[in-house]
Amino acid sequence: MSLKQQIKELAARNAGEIVNIRRHIHANPELSYQEYNTAKYVAEQLKAIGITPREGVAETGLTAVIEGRNPESKVLALRADMDALPILEANNVEYKSKNEGVMHACGHDAHTSSLLGSAKILHELKDQFEGSVKLIFQPGEEKNPGGASLMIKDGALKDPAPGCIFGQHVMPLIPVGKVGFREGMYMASCDEIYLTVKGKGGHGAVPELTVDPVLIASHIIVALQQIISRNASPKTPTVLSFGKVIANGATNIIPDEVNIAGTFRAMDEEWRADAHKKITTMAENIATAMGGSCYVEISKGYPFLVNNPEVTRQARASAEEFLGKENVVDLELWMGAEDFAYYTHEVPACFYRLGTRNEARGITSYVHTPTFDIDEDALEIGAGMMAWIALSKLHNM
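Each residue of the sequence shown is one higher than the one before, starting from 2 at the first, in this note's numbering.
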């Protein structure tokens with residue numbers, strides 16, 4: 002029996018267990034950097050397979066190594082994230098979140114269970130491959146500074162150091178049974194923008210006695226879009242969006258202060274740094290010119306995510322072998338952000354998408370929504386394909 006067929010059979014045999022693991026994690030979600038019970042559960046699952054994890058990496062993360070023949074000859078890494086989101090789940094399912102207001106609405110439960118499934122397959126086949134596979138289960142993908150950055154600082158990419166790394170993420174826009182790849186630049190950097198506009202409040206009937214921060218804030222929000230339309234190169238994808246504006250006055254009360262929060266996304270580090278300066282200067286100067294002030298805070302988040310062309314090309318070829326060419330699709334440039342990007346700036350990497358959509362079953366909700374769910378048939382595919390990609394790459398390293 003070929004290695005590919007063995008992997009498919011092991012994935013099918015373990016599918017029920019992978020689903021149960023996913024449902025347990027889904028029902029017991031934990032927020033970013035609070036994944037203590039999830040990490041403990043993952044460690045128990047690894048030990049049950051026969052794999053000894055290194056626990057407490059970046060506090061709530063863990064790593065493990067599956068050694069094949071000549072384990073030090075070559076190494077690659079597979080990564081999953083474990084944190085959930087502060088969302089109240091609206092799904093009526095038996096594995097619904099037990100932690101009210103916390104939900105696995107981005108599929109990290111699927112990522113973790115799939116990687117545990119891959120680990121079981123790779124452990125059973127360790128006598129049939131050369132080299133080692135490093136498993137990385139990380140915290141905090143959803144919150145700055147990004148758990149990946151903390152895992153790297155705590156040595157997740159050392160002892161042994163992988164020659165490349167793979168990450169898998171669910172995609173509700175792609176039907177179950179299909180996967181997606183993109184070479185080169187794929188996802189944007191992501192920064193949080195916080196503006197505090199201060200003026201002088203007062204009665205709305207006597208605006209001449211006030212310095213209206215609401216009016217100042219309005220001018221700033223509109224003017225900052227000029228940075229995108231007239232300062233960013235049309236060849237460089239850039240987004241500046243404000244989603245939160247708080248002016249806590251009333252119909253006849255002009256407040257003293259307005260708070261604004263938004264996001265800035267780009268795919269060029271030099272332009273990113275320049276844009277930060279332009280945002281700060283423009284916001285401050287507009288406020289000053291109108292008699293008020295503006296304090297600008299920019300929380301720098303994840304860098305852009307770039308898929309190594311050669312590693313991604315090889316992974317895509319492996320996926321076509323495993324699933325059939327017709328089930329491998331091209332991904333478009335995506336202005337979303339993902340802290341896997343940190344790994345892509347350290348070692349050659351491939352971040353790809355796993356289809357989870359099933360319109361016939363009504364599984365169509367997007368990530369970060371209260372009704373997000375996956376077609377669990379994707380878990381068998383995800384576990385098997387990640388194992389196959391890993392072993393195919395080790396063979397070619």
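Ideal Cβ positions, reconstructed from N, Cα and C, are used throughout, including at glycine.
Through-space distance from residue j to residue i, alpha-carbon basis
i	j	result
E125	E18	15 Å
E381	K326	18 Å
M188	W335	5 Å
L63	K236	40 Å
K135	T313	18 Å
H403	A49	Within the shown structure, residues of the chain are numbered from 2 to 398, placing residue 403 beyond reach of any answer.
H25	Q6	29 Å
N100	A111	18 Å
N328	A320	9 Å
K394	H277	39 Å
A284	P256	19 Å
S133	K199	57 Å
L355	L79	15 Å
I228	T282	11 Å
T239	I217	24 Å
R231	A224	11 Å
A391	G293	57 Å
Close beta carbons around residue i, own chain, < 8 Å, minus the five adjacent residues each side
i	result
A206	N253
P371	I88, L89, E90, A91, N92, M104 and A106
Terminal residues of the alpha helix (DSSP H) in which residue i lies
i	result
I217	P214 to Q227
L392	D378 to N397
I364	Unbroken run through I364: none, as it is neither H nor E.
T313	P310 to L324
A149	G148 to K154
G17	L4 to A28
T113	H109 to E125
Buried versus exposed call for residue i [16 or more other C-beta atoms within 10 Å across all chains shown]
i	result
R14	exposed
Y367	exposed
N359	buried
Q169	buried
N308	buried
A288	buried
V177	buried
E258	buried
R273	buried
D269	buried
Neighbourhood of residue i by C-beta, 7 Å cutoff - its chain only, sequence neighbours within 5 removed
i	result
Q129	L4
I22	Q46, S114 and L117
V330	I175, K179 and G181
E36	T61, M83, D84 and P140
Beta-carbon contacts of residue i that lie in its chain and below 6 Å, excluding the five residues immediately before and after
i	result
I247	N260
A12	E381, A384 and G385
A40	T61 and L63
E377	V20
C351	F167, N308, V312, T313 and A316
Beta-carbon separation (whole angstroms), residue i vs residue j, contact threshold 8 Å
i	j	result
I67	V348	Their Cβ separation, rounded to whole angstroms, is 18 Å, which puts I67 and V348 out of contact at 8 Å.
S33	E143	5 Å
D340	A149	4 Å
First and last residue of the uninterrupted beta strand (DSSP E) at residue i
i	result
D275	Per DSSP, D275 belongs to no beta strand (DSSP E); it is in the alpha helix (DSSP H), E270 to A290.
H170	I166 to P176
R358	A350 to R358
K245	T239 to I247
L47	Careful: L47 lies outside any beta strand (DSSP E), inside the alpha helix (DSSP H) at Y37 to I50.
Y195	D192 to K199
I137	S133 to Q139
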